[in-house]
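Enquirer:
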Amino acid sequence: MPDQLDLNLLRVFDALMQDGSVTAAAERLHLSIPATSRALARLRRAMNDPILVRAGRGLAPTPFALRTAPRVRSLLDEASALVNDEELDIARLRRTFTVRVGDGVVTPLVAAVAEAAPHVVLRFVAEGDESVEPLRDGTVDLDLGAGTDIDADIRSEVLFTERMVGVVRIDHPLKKMTLAQLCKYPHVSVSRRGRTHGPLDVALQARGLQRHVGAVVPFYAAAAVLVGATDHIGLVPRRLAEEHHRTLRWFPIDADLPEVDVRMHWHARLDADPAQLWLRDVVRRTAKALAPHRLPARSR
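Okay, here's the thing in structure tokens:
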């Protein structure tokens with residue numbers, strides 16, 4: 012019969028993933044090297060995977076191990092919360108949180124967490140799709156980005172609302188920010204799926220206008236860089252446009268474009284976890300500082 016997994020074995024797996032070495036994992040867990048090697052052998056039998064394989068002079072995790080590591084970390088954190096009734100000491104907290112995130116939130120969140128909890132690790136993964144399965148299986152702790160309410164077991168909270176603005180480079184020849192003038196220059200479209208058509212195109216068509224999308228990029232940050240170096244026009248969140256004020260000029264778009272809710276999503280099982288409660292509070296405070304001001308009704 013295959014070996015059964017228990018928490019002690021999962022702790023060995025977690026240490027091996029963090030250190031990539033049997034010797035280092037043994038030191039972390041205060042075990043002997045032979046005991047850790049035996050635990051690795053049991054893990055390989057139980058998971059039916061090599062877990063770590065030889066790569067040059069060291070060891071490298073297998074694809075299965077990389078996929079499984081965040082779920083194991085989540086399970087260990089939840090188990091620790093069940094038996095730990097003491098008040099959470101943020102300054103001494105040692106934990107890894109996996110956050111799926113879009114543009115513009117990473118830097119301020121890292122700074123806020125590092126200031127309060129120097130031993131916490133934030134593991135960021137890029138938005139690939141809107142699937143909630145990573146939240147359900149523990150691969151992702153928090154999802155930050157545009158979205159709506161999802162399923163009953165997924166909690167959702169609006170952090171702030173984004174307003175989209177037009178951007179051009181500082182010395183761009185465009186002077187009058189009318190829709191007709193905007194159509195005289197190529198545009199950058201931001202879409203993870205490679206789409207060239209969006210709400211701005213609907214507004215333009217209603218006025219008998221059409222733009223030319225000359226480039227499609229997956230992230231707003233990439234659009235800001237491209238716009239800053241070309242004659243292309245971009246459509247980005249005002250917050251991001253203001254961050255690039257040294258290289259970009261931003262302006263309101265004379266069209267009824269939808270505002271975008273930036274939300275925080277997490278799984279219901281994490282509602283009462285003290286460390287997760289703290290992290291969500293840090294995200295709220297960070298988001299409040301990032302929240303854009305309301306745009307004036309007319310172009311400036």
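Positions 12 to 311 (our numbering) are the ones given, in order, by the sequence shown.
We treat Cβ as the ideally placed atom computed from N, Cα and C, and that holds for glycine.
For my contact list, Leu86 and Leu51 are in at a C-beta cut-off of 8 Å; report their separation, rounded to the angstrom.
Expert: Taking the sequence shown and counting its residues from 1, the one referred to as residue 86 is at position 75. Taking the sequence shown and counting its residues from 1, the one referred to as residue 51 is at position 40. About 18 Å; that fails the 8 Å criterion.
Enquirer: What would DSSP say about Phe75, mapped onto helix, strand or coil?
Expert: Start at 1 with the first residue of the sequence shown, and residue 75 comes out as number 64. In the structure shown, Phe75 sits in a helix (DSSP, three-state: H, G or I).
Enquirer: Going by C-alpha to C-alpha distance, which of Asp164, Asp25, Arg295, Val124 sits closest to Asp282?
Expert: Here residue 282 refers to the residue found at position 271 when the sequence shown is read from its first residue. Among Asp164, Asp25, Arg295, Val124, the Cα nearest to that of Asp282 is on Asp164.
Enquirer: What's the gap between the Cα of Arg8 and the Cα of Ile181?
Expert: Residue 8 falls outside the range modelled here, since the chain spans only 12 to 311, and no answer is possible.
Enquirer: Quick check: what's the CA-CA separation for Ala279 versus Thr241?
Expert: For the purposes of this step, residue 279 is taken as the residue at position 268 of the sequence shown. For the purposes of this step, residue 241 is taken as the residue at position 230 of the sequence shown. Straight-line measurement puts the Cα of Thr241 at about 45 Å from the Cα of Ala279.
Enquirer: Alpha carbons only, please: which of Pro210, Ser48, Arg174 is nearest the one belonging to Glu270?
Expert: Within the sequence shown, numbered from 1, the residue matching residue 270 stands at position 259. The residue with the shortest Cα to Cα distance from Glu270 is Arg174.
Enquirer: Per the DSSP calculation, Thr109 is bridged to which residue(s)?
Expert: As a working mapping, residue 109 is identified with position 98 in the sequence shown. Beta-bridge annotation (DSSP): Thr109 is paired with Arg134.
Enquirer: Pull up the distance between the alpha-carbon of Arg305 and that of Ile264, whole angstroms please.
Expert: As a first step, residue 305 is located in the sequence shown; it is residue number 294 there, counting from the start. As a first step, residue 264 is located in the sequence shown; it is residue number 253 there, counting from the start. The pLDDT assigned to Arg305 is 42, lower than 50, so where the model puts this residue is not dependable; a value taken from the coordinates is nonetheless given after this. Computed Cα separation, rounded: 14 Å.
Enquirer: Need the endpoints of the beta strand (DSSP E) that Phe177 sits in, please.
Expert: Residue mapping note: residue 177 aligns to position 166 of the sequence shown, counting from 1. A small correction: the amino acid at residue 177 is Gly; Phe does not occupy that position in the sequence shown. Counting along the chain, the beta strand (DSSP E) containing Gly177 begins and ends at 175 to 180.
Enquirer: Ordered along the chain, which non-local residues of its own chain (more than five positions away) have a Cβ less than 6 Å from that of Arg134?
Expert: Within the sequence shown, numbered from 1, the residue matching residue 134 stands at position 123. Around Arg134: Thr107, Thr109.
Enquirer: Quick one: what does DSSP say Val294 is sitting in, helix, strand or coil?
Expert: Reading the sequence shown from its first residue, position 283 is the one you call residue 294. Per DSSP, reduced to three states, the secondary structure at Val294 is helical.
Enquirer: Buried or exposed for Arg291, please, with buried defined as at least 16 other CB atoms from any protein chain shown within 10 angstroms of its CB.
Expert: Position 280 of the sequence shown holds residue 291. With 16 or more other CB atoms across the displayed protein chains lying within 10 angstroms of its CB, Arg291 is buried.
Enquirer: Using the rule of at least 16 other Cβ atoms within 10 Å of the residue's Cβ for burial, across every protein chain shown, is Ile244 buried or exposed?
Expert: Residue numbering aside, residue 244 sits at position 233 when the sequence shown is read from its first letter. By the 10 Å Cβ count, Ile244 comes out buried.
Enquirer: State the DSSP-derived secondary structure class of Gly239, mapped to helix, strand or coil.
Expert: In the sequence shown, the residue the question calls residue 239 occupies position 228. Looking at Gly239 - three-state DSSP - the assignment turns out to be helix.
Enquirer: Let's test the definition: count the other Cβ atoms within 10 Å of the Cβ of Thr1 and tell me whether it reaches 16, buried, or not, exposed.
Expert: As shown, the chain starts at 12 and ends at 311. That puts residue 1 outside it, with no answer to give.
Enquirer: Is it true that the CB of Gln221 sits closer than 8 Å to the CB of Cys194?
Expert: By 1-based counting over the sequence shown, the position of residue 194 is 183. By 1-based counting over the sequence shown, the position of residue 221 is 210. Cβ atoms of Cys194 and Gln221: closer than 8 Å.
Enquirer: Quick one: what does DSSP say Glu270 is sitting in, helix, strand or coil?
Expert: Reading the sequence shown from its first residue, position 259 is the one you call residue 270. Of the three classes helix, strand and coil, the one that applies to Glu270 here is coil, per DSSP.
Enquirer: Report all residues from its chain with a CB closer than 8 Å to the CB of Ser43; omit the five preceding and five following residues, and keep chain order.
Expert: On the sequence shown, position 32 is the one that residue 43 refers to. Only Ala37 meet the Cβ criterion.
Enquirer: For Leu16, which three-state DSSP category applies?
Expert: Taking the sequence shown and counting its residues from 1, one reaches residue 16 at position 5. Looking at Leu16 - three-state DSSP - the assignment turns out to be coil, as it is neither helix nor strand.
Enquirer: Ordered along the chain, which non-local residues of its own chain (more than five positions away) have a Cβ less than 7 Å from that of Arg55?
Expert: Taking the sequence shown and counting its residues from 1, the one referred to as residue 55 is at position 44. Counting only Cβ-Cβ distances below 7 Å, and skipping sequence neighbours, we find Pro61, Ile62.
Enquirer: Just to confirm my understanding: we take Leu99, look at its own chain, exclude 5 residues before and 5 after, and list those with CB closer than 8 Å. What are they?
Expert: By 1-based counting over the sequence shown, the position of residue 99 is 88. So the list reads Pro285, Ala286, Trp289, once near-sequence residues are dropped.
Enquirer: Do you know offhand how far His223's Cα is from Pro197's?
Expert: Your numbering for residue 223 matches position 212 in the sequence shown. Your numbering for residue 197 matches position 186 in the sequence shown. Approximately 5 Å, taken between the alpha carbons.
Enquirer: Anyone know if the C-beta pair for Leu170 and Arg111 falls short of 8 Å?
Expert: As a working mapping, residue 170 is identified with position 159 in the sequence shown. As a working mapping, residue 111 is identified with position 100 in the sequence shown. Result no, Cβ atoms of Leu170 and Arg111 do not sit closer than 8 Å.
Enquirer: To the nearest angstrom, report how far apart Thr172 and Arg250 are at their CA atoms.
Expert: Stepping through the sequence shown from its first residue, residue 172 is reached at position 161. Stepping through the sequence shown from its first residue, residue 250 is reached at position 239. Rounded to whole angstroms, Thr172 to Arg250 spans 10 Å at the Cα level.
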